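Enquirer: Those letters in the sequence shown? Residues 0 to 254, per numbering that gives the first Met the number 0, in order. Ideal Cβ positions, reconstructed from N, Cα and C, are used throughout, including at glycine. As the structure is a prediction and not an experimental result, all values here were calculated from the model. Starting off with a structure, shown below.
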Amino acid sequence: MTVIESTQNPVVRQVRNLHRRKGRLEAGAFLIETRRLFEDACAADWPLERVFATAAFFERHEFPRTVVVTPVHERVLAAMSTVETPEGLLAIARIPAAPPALRMGPSRAWVALEGIQDPGNLGTIWRSADAAGVDGLLLGPGTVDPWSPKVVRATMGACFRVPVRVAGDWLADLDELGRSADRVATTLDGSEALPEVDLCGPVVWLVGNEGAGLSDATIERATRRVHIPMRPGPESLNAAMATTICLYEMLRQRR
């Protein structure tokens, strides 16, 4: 197969368009830029449109027989990538055409996020949701694009295992998802301490960012408000850390 050697090749522009949210939405695709993520995508049978690799990467690693790899020069991969030091591989993956249904699955738990703007926070929450076996993530207003390169890298592969839905109508989606579940809001002034709340039934966790917290309209949808007990002094926990603590308290109670 011919090696792509010029950074002026049209495919480079096609890939670079996926650096931006608008480009990802138009193409219905996102980027995979590490070997670990590529392997996780293959393990999940995730649909891939194109796979690019440098000669050095191709020589050191094996690819599934079903994957067609386009060889590219290192300078071309560098022009395609969003990272300063690419590993030598880049793939274009499809964004799921249909969002997951708003219903409880085997774990009887969802995480609904409002205003989570930091890619690292969202990625870490996604990883914790994966570890806890959560049924899905619902992303509300002000939350970062789940398919941005930084978020995808931060998920460490969780994005291929835990479905995500970007809310069309945030409050209506919360109402639908919470019809047969407790909607538990994490707040600094929650009336109940987390360990004292019964989490054995279906739960929708409502999580906002550590600065602004949840909106009043979202808090009004909550059936319970909880806080994480802390010693005097600290104001709050990072949103990802708080979510992780809540999920593992839920798992502890369900053992």
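(1) Taking 7 Å as the limit between beta carbons, can you name the residues of its chain near Trp169, skipping five residues before and five after?
(2) Per DSSP, Phe29 is paired with what?
(3) Between which two residues does the beta strand (DSSP E) carrying Val279 extend?
(4) For the alpha helix (DSSP H) that contains Glu48, what are its first and last residues?
(5) Compare the beta carbon distance of Phe29 and Val151 with 8 Å and say whether it is the shorter of the two.
(6) Would you call the CB atoms of Leu47 and Val68 closer than 8 Å?
(7) Inspect the beta-carbon positions of Ile115 and Thr142 and report whether they are closer than 8 Å.
(8) Work out the CA separation of Gly104 and Gly177 for me, nearest whole Å.
(9) Between Gly132 and Trp125, what straight-line distance do the alpha-carbon atoms span, to the nearest angstrom?
(10) Hey, how far is the Cα of Ile91 from the Cα of Glu248?
(11) Please work out which residues of its chain come closer than 8 Å, Cβ to Cβ, to Ala97, disregarding the five sequence neighbours upstream and downstream, and give them in chain order.
(12) The alpha helix (DSSP H) spanning Ala40 covers which residue range?
(13) At what residues does the beta strand (DSSP E) containing Trp258 begin and finish?
(14) Grouping DSSP H, G and I as helix and E and B as strand, with all else coil, what is Val259?
(15) Under 7 Å Cβ to Cβ from Asp172, same chain only, skipping five residues before and after it: list those, please.
(16) Over what stretch of residues does the beta strand (DSSP E) that includes Arg223 continue unbroken?
(17) Measuring straight from C-alpha to C-alpha, what distance separates Thr81 and Glu25?
(18) Could you tell me the alpha carbon to alpha carbon distance between Ala157 and Pro9, rounded to whole angstroms?
(19) Could you check what DSSP says for Glu191 in three-state terms: helix, strand or coil?
(20) Given a cut-off of 8 Å, decide if Thr53 and Glu32 are closer than it, judged by their beta-carbon atoms.
(21) The beta strand (DSSP E) with Leu202 in it runs from where to where?
(22) With which residues is Ile3 paired in a DSSP beta bridge?
(23) Going by C-alpha distance, which of Leu187, Val206 and Arg23 is nearest Pro233?
(24) Among Arg253, Pro228, Ile3 and Arg224, whose alpha-carbon lies nearest the alpha-carbon of Asp181?
(25) Pop quiz: Ala238 and Glu209 are said to be a contact at Cβ under 8 Å. What is the actual Cβ separation, rounded to whole angstroms?
Expert: Result, derived from the coordinates:
(1) The residues Gly139 and Pro140, in chain order, have a CB closer than 7 Å to that of Trp169 in the same chain once the five nearest residues on each side in sequence are set aside.
(2) In DSSP, Phe29 forms a bridge with Ala92.
(3) No information on residue 279 is available, as it lies outside the stretch 0 to 254 that the chain covers here.
(4) First-last for Glu48: Leu47 to Ala52, but that is the beta strand (DSSP E), not the alpha helix (DSSP H).
(5) Contact flag set, yes.
(6) Not a contact, by the Cβ cut-off of 8 Å.
(7) In this structure, the beta-carbon distance from Ile115 to Thr142 falls below 8 Å.
(8) Straight across, the Cα-Cα distance linking Gly177 with Gly104 is about 13 Å.
(9) It is roughly 10 Å from the alpha-carbon of Gly132 to the alpha-carbon of Trp125.
(10) Cα atoms of Ile91 and Glu248: separation of roughly 37 Å, rounded to the nearest angstrom.
(11) Cβ neighbours of Ala97 beyond the five flanking positions: none.
(12) Note, Ala40: alpha helix (DSSP H), Arg34 to Ala42.
(13) Since the first residue of the chain shown is 0 and the last is 254, residue 258 is not available in this structure.
(14) In the structure displayed, the chain extends from 0 to 254; residue 259 sits before or after that span and is not available.
(15) Leu101, Leu137 and Ala166.
(16) From DSSP, the beta strand (DSSP E) with Arg223 extends over Arg223 to His226.
(17) Using only the alpha carbons, I get a separation of about 19 Å.
(18) Those two C-alpha atoms are separated by around 31 Å.
(19) The answer is strand: DSSP assigns Glu191 an E or B state.
(20) With respect to the 8 Å criterion, Glu32 and Thr53 are not classified as neighbours on the basis of their beta carbons.
(21) For the record, residue 202 in the displayed sequence is Val; it is not Leu. Residues Val202 to Gly207.
(22) In DSSP, Ile3 forms a bridge with Val71.
(23) Per the Cα distances, Leu187.
(24) Each of Arg253, Pro228, Ile3 and Arg224 was checked against the Cα of Asp181, and the nearest Cα belongs to Arg224.
(25) Rounded, the Cβ-Cβ distance is 5 Å, consistent with contact.
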